[in-house]
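Taking this note's numbering, the leading residue of the sequence shown gets 1, the next gets one more, and so forth. Every residue gets a Cβ at the ideal spot worked out from N, C-alpha and C, and that includes glycine. It should be emphasised that the depicted structure is a prediction, and the values quoted were computed from it without experimental measurement.
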Amino acid sequence: MIEAKRRTLDEAARSYGTDKGGQYHGYAAQYERVLEPIREAGARVVVEIGVCRKWDGNLHICPSLALWREWSGREDCAVVGLDKCEFGVNGGGLRTVVCDQGDAEALEQARLLILEEYGVADLIVDDGSHVAAHQQATMKALWPVLRVGGAYVIEDLNYNPEGEKKSRRVRGCVEAWQAGTKPEWLVDLRREMKTVDKIEWVDSKVAGKRSAVVLWKEREL
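Printed below as a string of structure tokens:
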């Protein structure tokens with residue numbers, strides 16, 4: 001184990017400076033409960049899309065990679081960060097890979113890398129561009145490498161560039177799916193959604209209700 005007395009996820013998030021902590025979104029305190037089944041089962045591979053909290057000249061800050069590794073409680077946990085910027089992190093169980101969510105080929109290469117080098121992921125968190133089309137394309141590409149029983153998290157659902165219809169954003173599509181109506185997917189995710197066992201919503205202190213969604217995978221495609 002990494003440490004005998006584990007900090008709460010919110011304590012760790014605040015310490016690392018990620019906006020998942022209670023000083024901003026407040027996701028971490030909710031993830032503590034929602035994602036506990038994954039941690040208890042032994043999270044060996046975590047993938048996060050979008051690892052840079054802010055950009056300030058040449059200063060790169062990617063606190064959530066260390067956050068997820070501490071959360072896992074495992075020395076052998078690998079945390080892979082996908083981002084359009086080059087961070088050059090590769091050591092201590094952390095690794096960054098250049099991947100632009102708007103590039104279908106890059107997403108496919110990321111999928112192959114995860115499959116070939118790690119097998120499957122226990123947890124995938126999309127905290128990337130927050131653009132609906134990118135979120136849906138990323139889920140389409142990476143859902144196959146999420147293990148059965150794993151969770152796929154998409155954050156900041158209430159943000160999107162101006163002009164995008166709410167019904168076509170991830171939140172609107174998932175809500176329509178839950179209601180039994182036909183979602184207006186930008187990327188067809190019907191096959192993937194049919195393998196979802198449970199949907200859980202997470203609120204943000206600054207961005208409102210249902211700002212993130214957790215999709216639990218029940219079976220393979």
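* Enumerate in chain order the residues of its own chain whose CB-to-CB distance from V120 is below 6 Å, with the five nearest sequence positions on each side excluded. => Cβ neighbours of V120 beyond the five flanking positions: V145 and R147.
* Can you tell me which of the three DSSP states T138 falls into? => Of the three classes helix, strand and coil, the one that applies to T138 here is helix, per DSSP.
* Asked: Y118 and A78 look like a contact to me (Cβ under 8 Å); what is the Cβ gap, rounded to whole Å?
  -> Indeed, because the Cβ distance is near 6 Å, the residues count as touching under 8 Å.
* Taking the alpha-carbon positions, what's the D126 to E155 distance? -> Annotation: D126 to E155 spans about 6 Å, alpha carbon to alpha carbon.
* **Where the alpha helix (DSSP H) containing S15 begins and where it ends** => That run of the alpha helix (DSSP H) goes L9 to Y16.
* Going by CA-CA distance only, name the one from W216, E105, R191 and Q101 that's closest to H224. => In the structure as shown, the chain begins at 1 and stops at 221. Residue 224 is therefore absent and cannot be evaluated.
* To do: Throw me the rounded Cβ distance for the A207 and H25 pair, which I believe falls under 8 Å.
  => Sure, about 7 Å apart at Cβ, within 8 Å.
* Asked: Apart from the five residues on each side of it in sequence, which residues of its chain come closer than 6 Å, Cβ to Cβ, to D197?
  -> The residues are W216 and E218.
* To do: Taking only the alpha-carbon atoms, compute the straight-line gap between V293 and A133 and give it to the nearest angstrom.
  => The structure shown has nothing for residue 293, since the chain only spans 1 to 221.
* Alpha carbon to alpha carbon, how far is V97 from S211? Give it in angstroms, no decimals. => Approximately 26 Å, taken between the alpha carbons.
* Pick out whichever of A106, D103 and E75 has its Cα sitting closest to the Cα of G92. => If we check each option's Cα against that of G92, E75 comes out closest.
* **Bridge partners - A212, DSSP secondary structure assignment** => DSSP, once it has assigned bridges, lists V202 as partnering A212.
* Asked: Along the chain, where does the beta strand (DSSP E) that runs through V80 open and close?
  -> Where V80 is concerned, the enclosing beta strand (DSSP E) stretches over A78 to D83.
* Which class does R147 belong to by DSSP, given the choice of helix, strand or coil? -> Of the three classes helix, strand and coil, the one that applies to R147 here is strand, per DSSP.
* Contact belief for A141 with L115 at Cβ below 8 Å, rounded distance in angstroms -> For A141 against L115, the beta-carbon gap comes to about 11 Å, at or over 8 Å, which does not count as contact.
* Asked: Is T223 buried or exposed, if buried means 16 or more other CB atoms sit within 10 Å of its CB?
  -> Residue 223 lies beyond the stretch modelled for the chain, which goes from 1 to 221, so this question has no answer here.
* Residue from G21, L221, S72 and A179 with nearest C-alpha to L189 -> Its Cα nearest to that of L189, the residue L221 stands out among G21, L221, S72 and A179.
* Would DSSP call G172 helix, strand or coil? -> For G172, the three-state secondary structure derived from DSSP is helix.
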